[in-house]
Amino acid sequence: MTRPENGSRQDAPLQQLESLDELWFQAGGTLCNLSCNHCFISCHPGNDNFGFMDLETIRRYLQESQALGVKEYYFTGGEPFLNRDMLQVLEETLAIGPATVLTNGTVFTPSSIKALRAISEQSLYSLELRVSIDGYSPQTNDPIRGEGTFEKALEGVRMLVEAGFLPIITMAQTWPEEENTRVFETFVTTLKETGYQRPRIKILPTLHLGMEAERSRPYSQAERISEEMMEGYDSNQLLCSRSRTVTDRGVAVCPLLIETPGAHLGDSLEDASGPFRLDQGACYTCYVHGAICSNIGGWGVE
Amino acid sequence: MSSSSPGKIALFGGIYANHLALEAALADMATRNITGIYCLGDLGAFGPNPDKVYPLLKDHGVKTLAGNYDDSLARDLPDCQCGYTDPRDNHFARLSYQYTYRNTSEENREWLRSLPGEIRFEFAGRRVLLCHGSPRRQNEFLWSSTTPTHFLQKLCKDYAADVIAVTHTGLKWQRELPSNKLFINTGALGRPENDGSRETWYTILGEEGGRITAEFIPVSYDSEALAIEMRAEGLPEEFSETIESGWWTTCLEILPAKERLLGRY
Ligand code: SF4
Ligand code: SF4
Ligand SMILES: [Fe+2]
Numbered sequence: 002m003t004r005p006e007n008g009s010r011q012d013a014p015l016q017q018l019e020s021l022d023e024l025w026f027q028a029g030g031t032l033c034n035l036s037c038n039h040c041f042i043s044c045h046p047g048n049d050n051f052g053f054m055d056l057e058t059i060r061r062y063l064q065e066s067q068a069l070g071v072k073e074y075y076f077t078g079g080e081p082f083l084n085r086d087m088l089q090v091l092e093e094t095l096a097i098g099p100a101t102v103l104t105n106g107t108v109f110t111p112s113s114i115k116a117l118r119a120i121s122e123q124s125l126y127s128l129e130l131r132v133s134i135d136g137y138s139p140q141t142n143d144p145i146r147g148e149g150t151f152e153k154a155l156e157g158v159r160m161l162v163e164a165g166f167l168p169i170i171t172m173a174q175t176w177p178e179e180e181n182t183r184v185f186e187t188f189v190t191t192l193k194e195t196g197y198q199r200p201r202i203k204i205l206p207t208l209h210l211g212m213e214a215e216r217s218r219p220y221s222q223a224e225r226i227s228e229e230m231m232e233g234y235d236s237n238q239l240l241c242s243r244s245r246t247v248t249d250r251g252v253a254v255c256p257l258l259i260e261t262p263g264a265h266l267g268d269s270l271e272d273a274s275g276p277f278r279l280d281q282g283a284c285y286t287c288y289v290h291g292a293i294c295s296n297i298g299g300w301g302v303e
Numbered sequence: 019m020s021s022s023s024p025g026k027i028a029l030f031g032g033i034y035a036n037h038l039a040l041e042a043a044l045a046d047m048a049t050r051n052i053t054g055i056y057c058l059g060d061l062g063a064f065g066p067n068p069d070k071v072y073p074l075l076k077d078h079g080v081k082t083l084a085g086n087y088d089d090s091l092a093r094d095l096p097d098c099q100c101g102y103t104d105p106r107d108n109h110f111a112r113l114s115y116q117y118t119y120r121n122t123s124e125e126n127r128e129w130l131r132s133l134p135g136e137i138r139f140e141f142a143g144r145r146v147l148l149c150h151g152s153p154r155r156q157n158e159f160l161w162s163s164t165t166p167t168h169f170l171q172k173l174c175k176d177y178a179a180d181v182i183a184v185t186h187t188g189l190k191w192q193r194e195l196p197s198n199k200l201f202i203n204t205g206a207l208g209r210p211e212n213d214g215s216r217e218t219w220y221t222i223l224g225e226e227g228g229r230i231t232a233e234f235i236p237v238s239y240d241s242e243a244l245a246i247e248m249r250a251e252g253l254p255e256e257f258s259e260t261i262e263s264g265w266w267t268t269c270l271e272i273l274p275a276k277e278r279l280l281g282r283y
């Protein structure tokens, strides 16, 4: 099958889809109750560039995914829990495999938490909830995520922990790398004080796309992967070697590039199983940091 | 072996230098009409004096395949390829790998070089495939709560097997698959399984009414003696604590939610 080349850099390496281990859903589209100033796909309450995915569509891809041997299902946005179908989607997903939701933690209600608990308990598979909080205090988080979001997200974490979940807290690293240990340890203390006794924390690099390109800087032309760089590199580190992302309008190569022309590879998982040319700045972040999107990967502390 | 009775086969992995548990398991097997013994790899890690494991395996004719740890030692790699990504987990993995590397003789490393990556045989007319992490990746973690049944069915199809047995995660589980197929994770013989009990586990494959069955057998051994030996060797206190308490203290960040919730830390 021939397909149009994405991007102009023909010298960038081609990455094959080695096996479809992770299937991502852009379940919340680009719609979000927050408008963080580092959001790499510039989500906000009015951004319907990508819309909510409906249950029927998700079902169709879940169905197709089984014969392909998908191992894990991920749901992201925007804010997936704004999607009214989300609980039903999770219930049906967890009937066939493990599910992970990336949420901002600010839209839980006691009744949604209770429903999540029930869905999780009746499944053989793990339901992981990943809550984004970008600082260890309102002073460090709120300038990025918005007024009052630290307290709100922490309340979300508190409710999840009370219901018996062990949420994974992800922090986008907007501070210098040398401060990772201090940030990590300060946050562990805060989380323990709120009742989360064995916090799981992942520190992730920011992606210089969308709002973050404006907040910090866009990618430079030098931040690209070349053929030589791939020699001896474990391509399993790159999400696109083992995953695809379904949106409300077709399948993209990865959750980072849904807005990149050329990163949409087809309508079905089958159609989207071809190779992708790694010519984007974000590819460079993946290359350097590896496995940033999956549940394991990212930075912890010794 | 007659075709009507295929006998029974013992499987285990993750010895992690726990020679006392290995000795106890082999003694237990000797009482059970076992016709073949297989080790699924990871002879060293966590435990003391890794060289003590080798004569036990050789004397009992244990057919052994290579795990990621064995592969690292055999090829003089700088780390154990356990697949941890958390820095604290990696810190402890490094300590145990460096200790194990220093205390494994050249002769034993040579023996590790001779080990296959997988073993296949027929048992009760079914194709059995033994490997370390998964048939496709030596250090792939297959946990019960993150491994869909359709994924296991695809492995059986892609790798032409009716029964697949692995280890590497340290937690035992099994799942019957449609069309009389079976997947087994044998757990670990060398480390308790994060449930507050000191027992470790091996697996017996048998046959019942045309189906292959897997039974998990608990192994009791002198864990106090092992902990004393570990401390004498200067291994991290965290490791001996796990042997004594039955709770994992390190390498926790790779656990999925359901498995993590069952442990203490
Ligand atoms: S970073 Fe997450 S929470 Fe913030 S605007 Fe983007 S999607 Fe919403
Ligand atoms: S951004 Fe990362 S996951 Fe996406 S195509 Fe580039 S390397 Fe692959
Ligand atoms: Fe292993």
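From first to last, the protein sequence lines are chains A and B.
For the first sequence, my numbering gives the first residue as 2, with consecutive numbering after it.
For the second sequence, my numbering gives the first residue as 19, with consecutive numbering after it.
Beta carbons: idealized from backbone N, C-alpha and C, even for Gly.
Keep in mind it's a predicted model, so treat the numbers as computed, not measured.
Just to confirm, does L279(A) get its C-beta within under 6 Å of one of the non-hydrogen atoms of ligand 2?
Judged by the Cβ position, L279(A) qualifies as a neighbour of ligand 2 at the 6 Å threshold, a heavy atom of the ligand being closer than this.
For Y283(B), return the contacting residues in chain A, with the cut-off set at a CB-CB distance below 9 Å.
Here the neighbours are R199.
Unbroken beta strand (DSSP E) runs of length 3 or more, entirely within the segment 129–192 of chain B: which are they?
Fully enclosed beta strand (DSSP E) runs of no fewer than 3 residues occupy 137–141, 144–148, 181–184 of the segment 129–192 of chain B, in order along the chain.
Buried or exposed: which applies to R4(A), given that a residue is buried once 16 or more other Cβ atoms fall within 10 Å of its Cβ?
Because the pLDDT of R4(A) is 42, which lies under 50, any placement of that residue in the model is unreliable, and the question is left without a value.
Taking Cβ-Cβ distances shorter than 8 Å, what residues in chain A pair up with F169(B)?
Neighbours of F169(B) on chain A, chain order: G70, V71, K72, G98.
Beta-bridge partners of Y56(B), as assigned by DSSP:
Per the DSSP secondary-structure output, Y56(B) pairs in a beta bridge with L29(B), K81(B).
Alpha carbon of R127(B) to alpha carbon of A92(B), nearest angstrom:
Distance between R127(B) and A92(B), taken at the CA atoms: about 5 Å.
Rounded straight-line distance, which links the Cα of W129(B) to that of C98(B)
Rounded to whole angstroms, C98(B) to W129(B) spans 17 Å at the Cα level.
Residues in its own chain within less than 7 Å of V71(B) by CB, not counting five upstream and five downstream?
Excluding five sequence positions before and after V71(B), the CB atoms of its chain that fall closer than 7 Å to its own CB belong to I33, A35, H37, L40, L61, given in chain order.
Could you give the residue range of the alpha helix (DSSP H) that holds G157(A)?
First-last of the alpha helix (DSSP H) with G157(A): 150–163.
Just how far apart, CA to CA, sit E6(A) and F64(B)?
Reliability fails at E6(A), whose pLDDT of 48 lies under 50, so the model's placement of it is uncertain and no value is given.
Just the C-alpha distance for D107(B) and L270(B), rounded to the nearest angstrom, thanks.
Answer to the nearest angstrom: the Cα atoms are 7 Å apart.
Name the DSSP bridge partner or partners of S295(A)?
Note: S295(A) sits in no beta bridge, so no partner.
If you measure from the beta carbon of L167(A) to each beta carbon in chain B, is any gap under 7 Å?
Yes, L167(A) lies at the interface with chain B (some Cβ there is under 7 Å from its Cβ).
Rounded to the nearest angstrom, what separates E303(A) and V184(A) at their Cα positions?
Low per-residue confidence applies at E303(A): pLDDT is 34, beneath 50, and the placement is therefore not dependable enough to give any value.
Kindly say whether S215(B), judged by its beta-carbon, lies nearer than 7 Å to any beta-carbon of chain A.
No - not a single Cβ of chain A is within 7 Å of the one on S215(B).
Under the three-state reduction of DSSP, which class applies to E260(A): helix, strand or coil?
If DSSP states are grouped into helix, strand and coil, E260(A) belongs with coil.
Nearest neighbour of A310(A), chosen from S127(A), K72(A), N105(A) [CA to CA]
The requested residue 310(A) is not part of the displayed model; chain A covers only 2 to 303.
With a cut-off of 7 Å, does the C-beta of E129(A) fall near any C-beta of chain B?
Yes - at least one Cβ of chain B is within 7 Å of the one on E129(A).
Output needed for V158(A): all residues of its chain with C-beta closer than 8 Å, excluding positions within five of it in sequence on either side, in chain order.
Closer than 8 Å at the Cβ level, and outside the excluded window around V158(A), lie G106, V132, I134, P168, I170, L192, T195, Y197.
Shortest alpha-carbon distance to Q89(A) belongs to which of Y288(A), L117(A), L161(A)?
Nearest option by C-alpha distance: L117(A).
Report, in whole angstroms, the separation of the C-beta atoms of K26(B) and G224(B), which I expect to be a contact under 8 Å.
The Cβ separation is near 5 Å, so the contact holds.
Is it buried or exposed, L18(A), if we count other Cβ atoms within 10 angstroms and call 16 or more buried?
When all chains shown are included, L18(A) counts as buried.
Quick one: is the Cβ of A39(B) within less than 6 Å of any heavy atom of ligand 2?
Checking every heavy atom of ligand 2 against the Cβ of A39(B), none is found closer than 6 Å.
Verify whether the separation of the beta carbon atoms of N34(A) and E65(A) is less than 7 Å.
Going by C-beta atoms, N34(A) is not nearer than 7 Å to E65(A).
Rounded to whole angstroms, what is the Cα-Cα separation between D240(B) and V247(A)?
A straight-line Cα-Cα distance of about 53 Å links D240(B) and V247(A).
How many Å lie between L133(B) and G54(B) at the Cα?
In this structure, the alpha-carbon of L133(B) lies about 17 Å from that of G54(B).
Specify which residues have a beta carbon nearer than 7 Å to any heavy atom of ligand 1, listing them in chain order.
Cβ-based neighbours of ligand 1 within the cut-off: C33(A), L35(A), S36(A), C37(A), H39(A), C40(A), I42(A), C44(A), H45(A), G78(A), G79(A), E80(A), N105(A), S133(A), R146(A).
List the residues of chain B whose Cβ lies closer than 7 Å to the Cβ of Q67(A), in chain order.
Within chain B, the residues near Q67(A) are H168.
For S215(B), the nearest candidate out of P66(B), W265(B), E125(B) (CA to CA):
Comparing Cα-Cα distances from S215(B) to each of P66(B), W265(B), E125(B), the minimum goes to W265(B).
Euclidean distance between Cα positions of N86(B) and D235(A)
Distance from the CA of N86(B) to the CA of D235(A), rounded to the nearest whole angstrom, comes to 16 Å.
Should L280(B) be labelled buried (16 or more other beta-carbon atoms within 10 Å of its own) or exposed?
Classification of L280(B): exposed, given that the 10 Å Cβ count is below 16.
Measuring alpha carbon to alpha carbon, tell me which residue in C40(A), A283(A), I259(A) is nearest S221(A).
Per the C-alpha coordinates, the member of C40(A), A283(A), I259(A) positioned closest to S221(A) is A283(A).
Where are the beta strand (DSSP E) runs, 3 residues long or more, that stay fully inside the segment 195–235 of chain A, in chain order?
Segments of the beta strand (DSSP E) lying fully in the segment 195–235 of chain A: 201–206.
Comparing the C-beta of P73(B) with each C-beta of chain A, is any distance below 7 Å?
Not one chain A Cβ lies under 7 Å of P73(B).
Could you check whether the Cβ of L258(A) sits closer than 6 Å to any heavy atom belonging to ligand 2?
Correct: L258(A) has its Cβ closer than 6 Å to ligand 2.
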